[in-house]
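In what follows, a structure is listed as structure tokens, so that the remarks can point back to it.
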Amino acid sequence: MGFYEFFNLLKAPGTMNYDRAKPYNEKARGIPLPRKGSCSHCNLCTTVCPTKSIVSMSSEELSIDYGSCLQCGLCVDVCGENYLSNSGFLYAFSHHREELKLKFTLGTFTPKKYDVPENVLNFQKLTNKNGFNYREVAASGNNSVECELSASFNYVFDSEGEQVKSVASPKHADAIVYSGPIGENMEKPLNTAFECMPSPKALIAMGTEAISGGVFQKGKPPITPDLYVAGDPPRPDVAIQSFRFLMGKFKFSFQNALFDFMFGKKND
Ligand code: SF4
Ligand code: SF4
25 MGFYEFFNLL KAPGTMNYDR AKPYNEKARG IPLPRKGSCS HCNLCTTVCP
75 TKSIVSMSSE ELSIDYGSCL QCGLCVDVCG ENYLSNSGFL YAFSHHREEL
125 KLKFTLGTFT PKKYDVPENV LNFQKLTNKN GFNYREVAAS GNNSVECELS
175 ASFNYVFDSE GEQVKSVASP KHADAIVYSG PIGENMEKPL NTAFECMPSP
225 KALIAMGTEA ISGGVFQKGK PPITPDLYVA GDPPRPDVAI QSFRFLMGKF
275 KFSFQNALFD FMFGKKND
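Taking the numbering used here, the leading residue of the sequence shown gets 25, the next gets one more, and so forth.
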């Protein structure tokens with residue numbers, strides 16, 4: 025055994041422990057959130073937002089669609105009142121598109137309860153113990169999601185260690201992970217890839233463009249996705265944690281976790 029091999033034996037493992045991971049990271053930008061304080065209603069944030077994710081803004085209410093938010097931070101940069109902040113909250117994923125749309129009243133909101141869809145329950149029976157294989161389909165995206173998914177297989181994020189593998193053919197897959205807004209020419213290939221898979225199977229919208237189109241018009245997915253993962257692109261650890269959520273490895277609710285994060289009842 026050489027010096028470096030011996031030295032590596034003494035080092036702590038660098039691979040993420042997903043059971044202990046937090047839904048936020050202080051060093052990340054994350055989703056924009058309102059702070060305590062006042063908004064002067066200058067509307068600069070709504071004007072500058074490239075995806076019109078800040079749906080409405082009034083003296084008491086702020087509605088944001090985190091399924092179309094790119095987490096770019098532009099709204100925070102222009103907010104002279106410092107009412108909006110980059111929160112570092114990263115786990116913007118859900119089985120339900122509606123859960124990613126939030127209305128804050130006087131800076132707070134009431135989390136809603138969302139059930140686990142039946143198709144997801146069936147998928148969990150198949151994958152909870154043994155994991156799953158996915159075929160990735162780049163549906164008119166910009167390859168940023170694919171870069172992050174590639175990184176999810178390195179030794180830090182270790183997707184295969186979490187029993188989630190990427191396969192070449194949809195015939196060998198249990199799920200389709202698609203990125204991009206599904207341009208006209210990609211609707212059929214995405215549909216064909218999904219049809220090739222045996223049931224139970226899942227469709228995963230990975231990234232803001234896949235959820236809402238982002239700055240583009242959104243095409244039609246083969247079915248209503250079973251999992252929506254926001255971020256442009258989502259980080260590798262967020263993608264893997266969302267896969268673990270899909271497999272039923274841990275219980276999670278975007279709105280509950282965000283509420284705990286904002287109001288001090290940290291769920292770590
Ligand atoms: S972070 Fe970017 S995309 Fe999201 S609401 Fe702000 S400006 Fe819009
Ligand atoms: S930029 Fe800030 S102060 Fe202006 S409307 Fe948006 S949140 Fe309010």
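Where is the CB? At the ideal position from N, CA and C, for every residue including glycine.
- Would you mind stating whether F117 and S277 have Cβ atoms separated by less than 8 Å? no
- Evaluate R44 with the Cβ neighbour count: other Cβ atoms within 10 Å of its Cβ, from every protein chain shown; 16 or more gives buried, anything less gives exposed. exposed
- E105: CB within 7 Å of a non-hydrogen atom of ligand 2: yes
- Query: If you compare alpha carbons, which of A281, H120, V102 and L282 is closest to S236?
  - Reply: H120
- Query: Hey, how far is the Cα of P58 from the Cα of A52?
  - Reply: 17 Å
- Query: Should T248 be counted as a contact of ligand 1 given a C-beta to heavy atom distance under 7 Å?
  - Reply: no
- Query: The beta strand (DSSP E) spanning M81 covers which residue range?
  - Reply: I78 to M81
- Message: On a Cα-Cα basis, can you pick out the residue from T75, L86, G54 and E50 that is closest to C63?
- Response: L86
- Within 8 Å, strictly: CB atoms of K46 and Q279: no
- Item | Cβ-heavy atom distance, M81 to ligand 2, below 7 Å | yes
- Query: So, using beta-carbon positions, are D89 and K127 closer together than 8 Å?
  - Reply: no
- Message: Would you say the beta carbon of L94 is closer than 7 Å to some non-hydrogen atom of ligand 1?
- Response: yes
- Task: Flag this pair as yes or no: are the beta carbons of I200 and F218 separated by less than 8 Å?
- Result: yes
- Message: Given this structure, state the Cα-to-Cα distance separating L130 from E84, to the nearest angstrom.
- Response: 5 Å
- Among V79, F283, L270 and E233, which residue has its Cα nearest to the Cα of N146? L270
- Going by DSSP, name the residue or residues bridged to R159. I200
- Task: At 4 residues or longer, and completely inside the segment 39 to 103: list those alpha helix (DSSP H) runs for me, N to C.
- Result: 68 to 72 and 98 to 102
- Message: Only counting the same chain, and skipping five residues up and downstream in sequence, which positions put a Cβ closer than 7 Å to that of K290?
- Response: Residue placement at K290 is flagged as unreliable, the pLDDT there being 47, under the threshold of 50; the coordinate-derived value follows with that caveat. Around K290: D284.
- Task: Would you please state the rounded distance, in angstroms, between the beta carbons of G91 and A254? I believe it to be under 8 Å.
- Result: 6 Å
- Quick one: give me the first and last residue of the alpha helix (DSSP H) that Y28 is part of. F27 to L34
- Task: Could you work out which residue in G104, E105 and I78 is closest to C96 when comparing CA atoms only?
- Result: I78
- Query: Can you name the start and end residues of the beta strand (DSSP E) that I293 belongs to?
  - Reply: Residue coverage of the chain in this structure runs from 25 to 292, which leaves residue 293 outside it and unanswerable.
- Task: Taking only heavy atoms of ligand 1 into account, decide whether any of them is closer than 7 Å to the Cβ of G54.
- Result: no
- Query: What do you get for M25, buried or exposed, if any count of 16 or more other CB atoms within 10 angstroms of its CB means buried?
  - Reply: exposed
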